Amino acid sequence: MTPEYQRDDLTGALARAHLAGALERLAAEHAATGAHHALAVLDLDHLKALNDVYGHATGDAALRAVAERTLRVLRGGDLLFRYGGDEFVVLLPNTNRAEAETVLRRVNEQVTGDPVAGAAWVTIGISIGAAASDETGGPDGLFERADERVRSAKRAGRNRVVIDDSQRATARFELAEARILGRDAQLATLDAFLTGTDGGQRVLRVAAQRGAGVTRFLAEAGVRARHAGLVVRVLAGDPADTSVHLRALASAYASGSRPGDALEDDIRDRLRNDAEAHGLLLVATGARWLDPASAGLVAESLRRGGTKLVEVVFDGEASAFGADGRLELGPLSEADVANWLGAALGARIADRTASELARAGGGLPGRIAPLVLDLLSAGVLRRGDTDWHADPARLRERLAGLREAQTPKEARGRAQLELPRWEVPLVGRARWLAATAPLVRDQPLVTLVGHGGSGKTRLAAQLALDLAAEREPDAPDGTYWVDLRAVDSAARLPAAIAETLDLLRVDDVEALAERLGGARMRLVLDNADALADEAGVLSPLLRRSPGLRLLVTARRPLRIVGERAIEVPELADTAAQELFRQGMRRVGADDPTDDQLAELAAAVGRDPLAIELAAAWTRLLSPAELLDALEQRPGFLANTPDGKPQPLTERFIDATRGLMSSAERQALGTLALVPGGFLAEDGRAASGASSFFLLALLERSLVRREGERYTVHAVIAERFRAGLEDEATARDAVARAYSEVARRLNRLPSAERTARGFKRVDSERANLEWSFAWLASRADSAGRVAPRGAPARLLRRARLLPAGGRAVPAPRADVGGLRRRGAPRLGARVRRPLPHAAGGVGEGHGQDP
């Protein structure tokens, strides 16, 4: 380098005027000797934000730091130029692309490794794009290729090195990221919140319309927080995440794409370390959907200090955290829309065109952007000599056909989503769910296999929920939950599926497949054990319905062609102990010592159901007393009749039975006979139990509440039914109770025959079937085959063969004129009408078949 080279006054880098000559000399050397060289464009990320928040002195300090730190890494003969604004150019003589990448990654690490001292200590990042003469294209166009790659680095998230075209955007048209316009007041509020000049507020609520540019605003918040030296963690709540323990915070702290199975104490320590060492900013969207453990730890961290939270609350949604600061994001003015689009498109946009776009998108960037991209793709929006413009007539015509596109999906309303819910969170299953979801997505038939109490039903529900919540779900016509506890043969499966889908007059697989047509849906067939020996009925259904996906739970594989059987594993030791600890906290028991917890988990086993049952008992028994009670049960470690060890869950259920009185065992055994779940009133009538007894069963996890209905887990029901001292009397009690339910339904006045009444009939169908079948088999008792007032239609459709050999019709949920209609009962996520919708609901209403 010669002394006459001028330097940039601020940074000390070579002046831009010398770049062209230096590049020409390297090109000539390459032509003469074949020596390669490389060129890189360095862009200081978010210089404008630094200037806006901390002043131009801090921005100048950051530019000087980029130059000084880059020169520390460059080799003798390498050249650094100040190109202008926030950009530098590096020339690397005698360097191929691989060598250039090594040097430039060292530059990135050196520049970003330490904060920069300005008005405050700030962190900085640089985006680097590079090109070399040994790649396709040779020395020609090096600057253009490097400049395009630095833009790719920005699009990919900034603060990175792009040395080839693998990260270039594939879209034909795109809008460049532009600085935030029309949000000066909001950015000022944000800066005051981040820097503490607002009086020390901890929670800032961003009240926003959908499409108002929330994603871009939050990205800017993250940039400004990092400049201030804060650690930034993003929490994205979703309805699919609420029942997975610590999913939100585990995702925020995940180092890879799949969050692991986090422990509460570990996450608490990470939050504390971030807050104390650096200061922590949490950025939350959908916070009302955070899982309870994550929400609790966030609140705890806010109380402890050192943590700030920015919570986005869209119009019509509820907030999750109390806020002491607030800002609003609404539509942009027409002038701001024009300025934004001009910056994003790289040239001014005609006033009339900008005005039309602003009106069509309601001033909301999230609605306007897809309109602009469509107009570019269609050739309606064109660039002239001075600006972007569109023919007014073509523009209005095109926009008229894009009204649906301009409305965010969320604003059009969520599809109905009803899946079974559990109050107890899933613990220790995050990694398994992440690994299993792709397998379920790609296979037409997947069976989750596990013994009773292993958690397969719960996992199937969560998998279905996760898959339905994906951006592009594989079952866009819906996900439906089909409870098969009351289905005792494959012949009754089509009718059970049809009832869930609200189809009438479907009695066999062929009719069901015809009604499904080409619908792309997922059915979750829960508790399919009765079908295991007749599962071949599913093969023609899958063959004739190519869009159908089946997720099945059973204790053994179905063993049919095309099945993917996935074994449900036990919980890991740490997860089992965490679930036990959480269960004890839910019932108000004191935390055990680590040794006690390990001993309890070893005694109870690693099945979720056994752990939940054991933890519930700690409300009455200390850990030591519970361990003593388990050791004193002589049959606790017994074998089954075939000599095989009894599963630990069943052993613990039997131990639990031993802790109950004879009357309590008989009452729960009676409730276990009810196949379709029960309302509290009907459960009391059948079992003779009080409301306090039902509450005790619920607290001890022996029954589960889903809305207003209660159910007994299948394996618990089996053990308590098997232990009934007088099963016939218990069956009579259940049948009498549901005969009375049938009478009540039959007497419903016409004013109460509403959608709610129809749903009640559907929910009781399995119980009414079971009760009338039992009464029919007890024909020796007068009046029991058809109790007085029982609806004739309930008895007309049975396919049961009682002891006397006389066929008794399978009851049908059509009581007193009530017929299934409306939306499906369980598990529906309906995005568009199914192919059967035109004539399936209410066919032949009021007519006996």
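Numbering (the working numbering), first residue to last: 2 to 850. Heads up, the beta-carbon is just placed ideally off N, CA and C, and yes, glycines get one too. Quantities reported herein were computed from a predicted structural model and do not represent experimental measurements.
Fewer than three pairs of CB atoms, one per stretch, sit closer than 8 Å, so the region 530–537 makes no contact with the region 497–514.
Distances from the CA of Gly380 to each of Thr387, Ala391 and Ala743 were compared; the closest alpha carbon is that of Ala391. In the displayed model, Arg248 falls within a helix according to three-state DSSP.
For Val553, no alpha helix (DSSP H) run applies; the uninterrupted beta strand (DSSP E) run containing it begins and ends at Leu549 to Ala555, by DSSP. Only residues of its own chain outside the window of five on either side were considered, and among them Ile350, Asp352 and Ala355 have a CB closer than 7 Å to the CB of Ala339, listed in chain order. Burial of His714 is indicated by the presence of at least 16 other C-beta atoms within 10 angstroms of its C-beta. Inclusion of Thr554 and Thr458 in the CB contact set at 8 Å is warranted, their separation being smaller than that value. When the beta-carbon positions are compared, Ala487 and Gly677 come within less than 8 Å of each other. Pairing Leu250 with Ala263 gives a Cβ-Cβ distance under 8 Å.
Nearest in C-alpha terms to Gly297, of all of Arg748, Thr243, Glu318 and Arg327, is Thr243. Secondary structure at Trp389: strand, using DSSP grouped into helix, strand and coil. At a Cβ-Cβ threshold of 8 Å, Leu365 and Leu205 do not count as neighbours. Taken through DSSP and simplified to helix, strand or coil, Tyr254 comes out as coil.
The residues Ala253 and Val284, in chain order, have a CB closer than 7 Å to that of Val235 in the same chain once the five nearest residues on each side in sequence are set aside. Gly13 is the residue among Gly13, Thr96 and Ala294 whose C-alpha sits nearest the C-alpha of Gly85. For Tyr55, the enclosing alpha helix (DSSP H) stretches over residues Leu48 to Tyr55. Note: Ala241 is not bridge-paired with any residue in the DSSP secondary-structure output. Within the region 339–399, the complete alpha helix (DSSP H) runs of at least 4 residues fall at 352–361 and 366–378.
The way I'd put it, the region 690–709 does touch the region 615–628; three or more beta-carbon pairs between them come closer than 8 Å. Just so you know, the alpha carbons of Ile181 and Phe218 end up roughly 8 Å apart. Membership of Ile125 in any beta strand (DSSP E) is not indicated, and neither H nor E is assigned to it by DSSP. Each residue's CA atom was taken as its position, placing Glu473 and Ala438 some 14 Å apart.
Phe721 counts as buried, since no fewer than 16 other beta carbons sit within 10 angstroms of its beta carbon. A contact between stretches requires three or more CB pairs, one per stretch, nearer than 8 Å, and the region 71–82 meets this requirement with the region 16–26. With a cutoff of 8 Å on beta-carbon distance, Ala529 and Leu485 are scored as near each other. The Cβ atoms of Asp44 and Glu102 do not sit closer than 8 Å to each other. For Leu400, same chain residues with a beta-carbon under 6 Å away, outside a window of 5 residues either side, are Ala361 in chain order. At a cut-off of 3 residues, not a single continuous stretch assigned as beta strand (DSSP E) sits fully inside the region 577–605. CA-to-CA, the gap between Glu515 and Arg745 works out to about 36 Å. Beyond the five residues adjoining it in sequence on each side, Leu51 comes within less than 7 Å, by CB distance, of Thr59, Gly60, Ala63, Val123 and His228 in the same chain, given in chain order. The C-alpha of Ala673 lies about 8 Å from the C-alpha of Ile717. Trp482 is bridged by DSSP to Val525. In this structure Ser295 touches Leu247 by the C-beta definition: roughly 6 Å separates them, less than 8 Å. If you ignore the 5 residues before and after His31, its C-beta comes within less than 7 Å of the C-beta of His37, His38, Ser134 and Pro140, all in its own chain and listed in chain order. Distance between Gly56 and Ala120, taken at the CA atoms: about 7 Å.
Rounded to whole angstroms, the gap between the alpha carbons of Ala681 and Phe693 is 11 Å.
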